[in-house]
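For reference, the structure is listed below as structure tokens.
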Amino acid sequence: MEPPNRWLRCTLMCLVVCSGFSSSACVLFGRRINNKLEAKISSQGCSHPHKEEYFEQQVDHFSFTNSDTFQMRYLVSDELWTKGGPIFFYTGNEGDITWFCQNTGFVWDLAVEYKAIVIFAEHRYYGKSLPYGNDSYKDAAHLGYLTAEQALADFAVFLDWYKANTRGGAAGSPVVAFGGSYGGMLAAWMRIKYPNAIAGAIAASAPVWQFTGLTPCNTQYLTISKDFQAANQLCYDSVHMSWDVITRIGQTASGRTKLAQAMKLCNPLKTTADVDGLISWLAGSWFNLAMVDYPYPANFLEPLPAFPIKEVCSYFKTPSPTDDQLLAELTGALGVYYNYTSSIQCFNLSQDATASLGDLGWSFQACTEMVMPFCADGVNDMFYSMPWNYDAQVAACKAQWNVTPRPNWIVSQFGGKNITASSNIFFSNGLLDPWHLGGVLTDLSDTLVVGIIPDGAHHLDLRGKNKLDPPSVIAVRNQERENINQWIAEWWVNKT
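The sequence shown maps to residues -24 to -1, 1 to 472 in mature numbering (1 follows the signal peptide of the UniProt record, and there is no 0).
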């Protein structure tokens, strides 16, 4: 089936410009933090002891005619540090830095071992690091400085200042960069662009090759489909069947009423466009679920049980179900992702529809340099036909921002698959993660090395240690320690 205009919407995990599903979902590598979690972030912040500080940055590092500046937020903890200890530096993603501070426990575990300073630097245009305050998202002219290149320059300039001005002894300390997802891409690119600033980089679940000409566009949806199929073939078949059933029922007003009631939606489905929105929301839900399929209960995007895909798939029990049976099972399965704590009475498809700064920021990045093709065919995967449509993306970007994407710019800027001139990057990938096929999966050299977590989801290795961690993630974390040891040792040798 060919869903009308669905590829013009933006999905939760799609890095394409709001080209897949609803625009409300284009944040945090396409994954939208729900409103409840955002409230929790703002009220509690990162629970690890730290200070919130600010550093004055140039808005434009690459021009001598723009003297505008802004305050970049960073979180710092130096209580464990001893002279000569390293600095562990998290390259902030496309969201509030406190969220990443809270969800990157491995860095804090390592800080205890290494007596390290820990710094989480916020990415420009996200959280509180707004170059033009409330006008930062006013138009493309104000947003034009939202690029990975400018963010990396922020980090490099900041580190030069911090090492020169922190309490005695850190001026020569080695810096190890950490990042997951888009932050992992930034960590890798920082080592490529600024090897003088950091000794090495841990790039977790970093799809640095998820760009035009480097990776087929269907890899994410194939991985998600395999995850569901591994849990339960009936689950895969039921999800695959659901698209046609929902589309067919949604063609009439009475059918749309039936869908809204059967699926416990908060608002009515008034038009077929609303039905398209429902389908997009569903597809985004399955995408997110695969990304956070952790082996223990977690609250990364939503409060979830251990192995949530297995839990979701347990609701699909009927071979060849009737429409009513399928909708009932589908609704129960969705409750695992959106209502595991039984805190809501209905599913609100528009709960994220009010665009926050984070939404707009990623939308702009996907409309300029972060052009990552996505597609599905509905034959080899459990989704529906979603051909990659670059022309539609260009049209949407011009309509929203009056900008034209540069699909080849990231490859030109950061080297694509030709990065063997660089060194000291550890790429980790979990094979359950929809993004892993866009990452580096085999060693490129003795110093560009890879750790694979067969039973790991999205940057599982960056999460704090847990008694339910599979042996594979423990092994990868030990590989990361070995590489960090080597990088630190090399740094000091080169300093003498």
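Glycine included, each C-beta is placed from N, C-alpha and C at the ideal position.
Where the alpha helix (DSSP H) through residue i begins and ends
i, result
"Ser261", "248 to 267"
"Asn459", "447 to 471"
"Leu135", "124 to 141"
"Cys289", "284 to 289"
"Tyr366", "366 to 377"
Rounded C-alpha distance that separates residue i from residue j
i, j, result
"Arg453", "Gly406", "12 Å"
"Trp338", "Ala140", "33 Å"
"Cys(-15)", "Ile255", "Only weak support exists for where Cys(-15) lies, its pLDDT of 38 falling under 50; the value from the coordinates is given anyway. Using only the alpha carbons, I get a separation of about 12 Å."
"Tyr314", "Asp72", "22 Å"
"Ser218", "Asn243", "20 Å"
"Pro447", "Ala372", "45 Å"
"Ala177", "Ala164", "6 Å"
"Gly21", "Thr74", "Summary for Gly21: the model assigns pLDDT 49, below 50, so the residue's position carries little reliability; its value from the coordinates is reported in the next sentence. So the alpha carbons of these two residues sit roughly 5 Å apart."
"residue 549", "Phe76", "The structure shown does not extend to residue 549, since the chain is modelled only from -24 to 472, so the question has no answer here."
"His99", "Arg49", "8 Å"
"Gln376", "Lys104", "23 Å"
"Gly189", "Asp269", "29 Å"
"Asn275", "Asn470", "42 Å"
"His26", "Tyr138", "16 Å"
"Gly440", "Phe64", "15 Å"
"Lys293", "Glu305", "8 Å"
"Ser319", "Gly308", "14 Å"
"Val449", "Leu336", "34 Å"
"Glu456", "Lys240", "45 Å"
"Gly342", "Thr472", "Here residue 342 is Ala; the residue named in the question, Gly, does not match the sequence. Spanning the two alpha carbons is a distance of roughly 43 Å."
For residue i, the three-state DSSP class (helix, strand or coil)
i, result
"Gln389", "helix"
"Gly311", "helix"
"Lys27", "strand"
"Met217", "helix"
"Cys230", "Looking at the sequence itself, residue 230 is Ser, so the reference to Cys does not match. It is helical."
"Phe5", "Because the pLDDT of Phe5 is 48, which lies under 50, any placement of that residue in the model is unreliable, and the question is left without a value."
"Cys(-7)", "Reliability of the predicted coordinates at Cys(-7) is poor, the pLDDT of 34 falling under 50, and no value is obtained from them."
"Gln34", "strand"
"Ile225", "helix"
"Phe350", "coil"
"Met358", "coil"
"Gly406", "strand"
"Ala117", "helix"
"Ser276", "In the sequence as presented, Ser is not what sits at residue 276; that position holds Phe. Coil, per DSSP."
"Leu245", "coil"
"Phe323", "strand"
"Ile401", "strand"
"Tyr212", "helix"
"Asp419", "coil"
"Trp185", "coil"
"Cys343", "helix"
"Ile168", "helix"
"Gly159", "helix"
"Gly440", "coil"
Residue-chain proximity (residue i, chain D), Cβ-Cβ < 8 Å
i, result
"Thr423", "No chain D appears in this structure, which consists of one protein chain only."
Residue i vs residue j beta-carbon contact at 8 Å
i, j, result
"Met161", "Ala433", "no"
"Phe96", "Gly68", "yes"
"Ala352", "Tyr197", "yes"
"Met348", "Gln126", "no"
"Thr344", "Val288", "no"
"Ser398", "Ile168", "yes"
"Leu424", "Ile401", "yes"
"Tyr66", "Gly145", "no"
"Val94", "Trp463", "no"
"Thr191", "Leu413", "yes"
"Phe82", "Asp409", "no"
"Thr41", "Lys91", "no"
"His37", "Trp84", "no"
Start and end residues, beta strand (DSSP E) containing residue i
i, result
"Ser201", "Premise fails: Ser201 lies in the alpha helix (DSSP H), 195 to 207, not in any beta strand (DSSP E)."
"Ala179", "176 to 180"
"residue 549", "With the chain covering only -24 through 472, there is no way to say anything about residue 549."
"Ile428", "424 to 429"
Cβ-heavy atom distance, residue i to the ligand ZN, below 7 Å
i, result
"Trp377", "Ligands in the displayed structure: none, and consequently the ligand ZN is not present."
Where are the alpha helix (DSSP H) runs, 4 residues long or more, that stay fully inside the segment 40 to 114, in chain order? Whole alpha helix (DSSP H) segments, 4+ residues: 73 to 78, 81 to 90.
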